[in-house]
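Worksheet: the structure to be examined is printed underneath.
Residue numbers (this note's numbering), protein chains in the order written: chain A, 6 to 383; chain B, 6 to 680.
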């Protein structure tokens with residue numbers, strides 16, 4: 006997917022004064038989190054997978070290159086290509102279901118020669134671009150148009166749900182939920198009538214009741230475990246319990262880099278991917294967790310500021326979508342690790358190990374920076 | 006697309022501010038959650054993290070020794086080499102490994118099937134746990150296993166575990182008791198008791214061995230040591246790690262402390278002699294120090310080898326023991342009822358003299374039978390004893406004399422004196438499971454028999470039949486009282502010592518009561534007991550000795566009521582034969598030792614019990630002299646090299662170290678069991 010975006014990027018040309026307008030604070034936060042992420046991975050991976058922090062560093066370097074390209078292109082190109090990109094992603098998602106590689110019980114990967122990637126990660130970008138495109142159309146952006154009713158939600162709803170359902174089919178509940186959450190945030194930003202919201206909320210509750218029997222046993226187990234983690238300490242509750250022990254035992258200032266016993270002695274499965282935050286919290290304590298929380302909040306805050314100052318409606322929606330993506334990933338992941346959310350496979354942006362995740366997050370943040378660069382001149 | 010065509014900026018800004026607010030709130034939730042986990046509950050989770058990686062290995066304490074009065078080791082611990090198999094490590098090759106093991110250890114078909122069954126059924130974590138293939142293999146088998154280590158793969162291991170060793174097998178095993186694994190319910194109960202008792206006793210853990218029966222059970226708390234702890238760092242898969250710096254140095258190892266030792270009053274030289282002299286299949290030989298009430302020997306047969314009962318017994322063997330009509334698990338000396346037979350006549354005599362039913366010097370004519378209300382009671386001697394006084398009646402064991410006394414007194418007066426001499430209640434030996442025996446009075450019969458008490462019953466009771474029941478230990482205490490005038494509480498433990506030999510607790514002789522009779526009465530009875538051994542008419546005249554004077558009484562306890570004609574022992578089925586009793590003490594003028602011999606189903610007391618008793622008494626008196634000489638030699642400073650001192654203990658079986666084999670397993674890695 007990196008190839009796709011860089012292809013687009015080469016079409017644009019850098020503009021005058023863009024360097025001066027580039028949101029450098031955003032870049033600073035991104036680099037800070039990425040640096041802490043690498044440092045943390047080097048600790049988390051001691052022993053079993055020594056060199057993953059190097060791999061991650063490589064991916065970050067590649068990602069930063071991609072991000073540079075993405076941030077310099079005129080983002081109106083994204084608007085033009087939004088539907089095509091969306092269509093390609095939906096096709097890839099269908100392809101995954103048809104002939105994807107099965108890893109650990111889920112069919113998530115597509116192989117092109119030596120390159121393996123997860124189209125579900127692209128789905129998040131596709132939904133952000135497609136929704137931004139939809140809401141910036143002439144009809145939708147008519148100032149006389151009030152908040153949307155049910156009828157106005159059919160198309161944007163479909164834009165979100167088609168890829169989300171396909172992703173959930175793989176199955177990948179975490180990505181599907183994030184896609185829906187990001188889409189919902191953008192739709193809410195566009196404006197929805199209160200009455201419609203109440204009706205939808207009721208419908209969602211009813212649907213949840215209807216869907217429950219159709220969930221996979223492991224998914225049901227996770228929700229049950231979330232509601233009562235002590236009920237099954239060694240089984241499905243193991244992750245939740247061990248990660249809470251890791252976080253809690255970090256206390257005020259942590260055990261120090263490389264000193265986390267929960268990490269060192271492998272009490273946390275997935276410690277370098279979805280549960281990376283527990284490593285950080287164990288080794289750097291409340292102070293370290295506070296720092297990271299602050300950085301993510303600063304990132305979200307920058308995103309909101311960029312959205313406020315966006316030059317046009319498409320850019321504004323892209324900024325909202327990108328910010329929502331970072332926010333939901335960070336909140337769901339840290340919530341899961343600290344036990345306020347159920348265990349779903351959601352990565353912590355720039356901290357979790359994983360090439361696709363790093364590339365997608367950096368690309369999305371680059372789109373945000375791009376919008377920020379073309380903000381209103383004072 | 007130009008901004009002018011966009012929605013009113015005010016609306017968008019308002020929503021963005023609301024959304025930023027929601028995001029801030031969400032981060033605040035995370036923040037407070039982190040504060041809760043890390044600051045408020047940090048200590049708690051820190052503890053949990055430590056529990057995660059600190060694995061405590063138990064360093065099993067050595068159980069205390071059991072020694073005889075001369076400090077000869079009777080019970081200690083030795084390493085038992087147990088072969089275990091960890092199914093996970095052999096995987097598909099397990100079948101092959103079991104086949105090899107089976108050949109090397111010559112497993113029986115059942116043993117091999119048990120292992121194969123486990124391999125088939127073990128799932129999950131169970132596959133990582135060592136499964137015991139064979140316990141306590143011999144040195145030769147150990148060598149064979151070690152030599153074939155490579156072919157057997159890493160799945161087979163030999164773990165040395167401390168194991169209780171009863172050096173003399175069945176000898177005195179009822180007294181010593183045995184040990185085996187604690188049951189789950191029992192574990193809970195015992196730990197609750199420990200907690201209630203307070204103190205710092207360690208709770209028991211599953212698979213611990215605990216004392217069963219006898220002294221092992223009674224002195225469980227004293228014998229048990231304090232286990233130590235070794236703390237190691239483990240990862241989530243339970244593998245031990247070398248990073249021990251995670252545990253402070255002073256917490257890595259806490260040593261174990263051995264349990265206290267028991268010093269028994271038994272003299273193993275006498276015990277060994279009695280075991281070898283006593284010819285019986287079933288029965289007891291009890292010897293007590295007449296001056297203190299401490300037991301000197303305790304033979305009780307049949308018995309089960311306590312070494313086997315400690316987890317070395319198959320179901321089939323156990324079933325066989327349980328089905329054995331001789332009941333080898335029964336501690337006859339304190340747990341079985343016997344009719345005292347003629348040995349009871351001393352009670353009748355005392356009752357008659359004290360109640361005035363027999364004038365001093367009074368006599369009775371014995372025609373060979375006694376008739377009352379149309380019923381006839383036979384005397385032992387069919388032709389009759391003629392005119393007999395008390396001395397003659399006790400010595401020759403004339404039944405008619407005592408029928409007459411019983412007839413005159415009635416049941417209640419005999420029962421009152423029987424109770425005064427300690428019958429019908431436990432002797433107070435400090436061991437679990439002692440039964441009280443039965444000393445029936447009229448009310449006892451009224452309550453239990455359809456026709457109530459009949460006067461004829463007092464005649465049966467007068468010669469120790471009817472419903473009088475005693476244990477061999479009660480006989481010992483009763484005759485001890487006749488010998489010394491003191492009703493002793495019999496005891497088997499002299500003291501409890503700590504591992505260094507310092508006395509923790511010493512048991513003093515304990516007189517429960519004094520014999521409540523007039524001196525003349527005791528003299529008269531004593532005369533009869535002397536006559537039994539030392540007068541030509543005495544039933545045990547053949548056993549008199551020139552060196553010392555023994556007093557005693559024979560008894561033949563009827564087991565079933567047989568026809569009018571007496572039969573020879575060989576003419577009767579074993580379980581219908583009479584029990585033979587002999588109770589004696591010596592030297593009569595100043596008794597030092599009291600001995601009871603009960604030979605089950607062997608017929609006459611004079612021929613089948615008395616010789617053992619006499620031999621035991623002689624042996625004891627000889628040992629006393631030997632010891633006195635040895636002490637004399639040791640004290641006398643002599644120019645010449647000291648004469649070879651007789652060993653203070655009986656010869657030790659060759660090849661066994663006299664020094665207690667303090668569990669060599671302690672230091673070995675397998676010696677400690679995982680907590």
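Even for Gly, the Cβ is constructed at its ideal location relative to N, Cα and C.
Open item on the list: Please return the same chain residues whose Cβ sits closer than 7 Å to the Cβ of residue 308 (chain A), not counting the five positions on each side in sequence.
Closed with: Beyond the five residues adjoining it in sequence on each side, residue 308 (chain A) comes within less than 7 Å, by CB distance, of 324, 327, 328, 331 and 373 in the same chain, given in chain order.
Open item on the list: Going by DSSP in three states, residue 518 (chain B) sits in which element: helix, strand or coil?
Closed with: strand
Task: Cβ-based burial, residue 223 (chain A) [other Cβ within 10 Å; buried from 16] - done: exposed
- [ ] Quick one: list the residues of chain A neighbouring residue 145 (chain B), beta-carbon separation under 9 Å, in chain order.
- [x] The contacting residues do not exist; residue 145 (chain B) stays about 42 Å from chain A at best.
- [ ] Give, in chain order, every unbroken run of the alpha helix (DSSP H) that is at least 4 residues long and sits entirely within the stretch 240-304 of chain A.
- [x] 243-254 and 266-269
TODO: Would you kindly check if the distance between the Cβ of residue 286 (chain A) and the Cβ of residue 252 (chain A) is under 8 Å?
DONE: yes
Task: Nearest-angstrom Cα separation, counted from residue 261 (chain A) out to residue 103 (chain A) - done: 47 Å
Task: 8 Å Cβ cutoff, residue 32 (chain B) in contact with chain A - done: At least one chain A Cβ lies under 8 Å of residue 32 (chain B).
- [ ] Please confirm if residue 250 (chain A) has its CB atom under 8 Å from at least one CB of chain B.
- [x] yes
Open item on the list: Per DSSP, what are the beta-bridge partners of residue 343 (chain B) in this structure?
Closed with: B:475
Open item on the list: Looking at residue 349 (chain A): is its Cβ nearer than 8 Å to the Cβ of residue 341 (chain A)?
Closed with: Yes, Cβ-Cβ distance for residue 349 (chain A) and residue 341 (chain A) is below 8 Å.
- [ ] In angstroms with no decimal places, state the Cα-to-Cα distance between residue 365 (chain A) and residue 69 (chain A).
- [x] 11 Å
Task: DSSP three-state assignment for residue 467 (chain B), whether helix, strand or coil - done: helix
Open item on the list: According to DSSP, simplified to helix, strand and coil, what is residue 220 (chain A)?
Closed with: coil
- [ ] Could you check which residue in B:170, B:105 and B:416 has the C-alpha nearest to that of residue 154 (chain B)?
- [x] B:105
Open item on the list: On the CB-based measure, 16 or more other CB atoms within 10 Å of its CB, does residue 232 (chain B) come out buried or exposed?
Closed with: buried
TODO: Give me the Cα-Cα distance between residue 168 (chain A) and residue 128 (chain A), rounded to the nearest whole angstrom.
DONE: 6 Å
Task: Per-residue burial, residue 458 (chain B) [other beta carbons within 10 Å of its own, 16 or more giving buried] - done: buried
Task: Of the listed residues B:430, B:437 and B:166, nearest to residue 316 (chain B) (C-alpha basis) - done: B:166
Open item on the list: If you reduce the DSSP assignment to three classes, tell me which class residue 380 (chain B) lands in.
Closed with: DSSP places residue 380 (chain B) within a strand segment (E or B) once states are collapsed to three.
Task: Chain-ordered chain A contacts of residue 256 (chain B) [CB-CB under 9 Å] - done: Under the 9 Å cutoff, chain A gives no residues; its nearest Cβ is about 15 Å from residue 256 (chain B).
Open item on the list: Quick check for students: name the residue ranges of the alpha helix (DSSP H) that lie wholly in the stretch 324-354 of chain A, counting only runs of 4 or more.
Closed with: none
Task: Below-8 Å beta-carbon distance, residue 298 (chain A) vs any chain B residue - done: yes
Task: Listed by chain order, chain A residues near residue 38 (chain B) by CB distance under 7 Å - done: 343 and 345
- [ ] Check the Cβ-Cβ distances between residue 372 (chain A) and every residue of chain B, and say whether any is below 8 Å.
- [x] no
Open item on the list: Are the CB atoms of residue 151 (chain B) and residue 184 (chain B) within a distance shorter than 8 Å?
Closed with: It is not a contact, given that the beta carbons lie outside the stated cut-off.
Task: Buried or exposed (CB count within 10 angstroms, at least 16 for buried), residue 537 (chain B) - done: Buried, by the Cβ-count rule.
TODO: Go ahead and label residue 199 (chain A) buried or exposed: buried means 16 or more other beta carbons lie within 10 angstroms of its beta carbon, across all protein chains shown.
DONE: exposed
Task: 8 Å Cβ cutoff met for residue 294 (chain B) and residue 91 (chain B) - done: no
Task: 8 Å Cβ cut-off: residues of chain A touching residue 44 (chain B) - done: 256, 257 and 291
Open item on the list: Is there a C-beta anywhere in chain B that falls below 8 Å from the one on residue 137 (chain A)?
Closed with: no
Task: For residue 368 (chain B), the first and last residue of its enclosing beta strand (DSSP E) - done: 368-371
TODO: Kindly list, in the order they appear in chain B, the residues whose Cβ is closer than 7 Å to that of residue 313 (chain A).
DONE: 18 and 21
Open item on the list: So, for residue 66 (chain B): in the same chain, excluding its five sequence neighbours on each side, which residues have a beta-carbon less than 8 Å away from its beta-carbon?
Closed with: Result list for residue 66 (chain B): 229, 230, 231, 232, 233, 261, 262, 263 and 264, in chain order.
- [ ] Write down the C-beta distance between residue 268 (chain A) and residue 48 (chain A) rounded to the nearest angstrom, noting that I regard them as a contact closer than 8 Å.
- [x] About 7 Å separates the two Cβ atoms, so the contact holds.
Task: Simplified DSSP state of residue 557 (chain B), which is helix, strand or coil - done: strand
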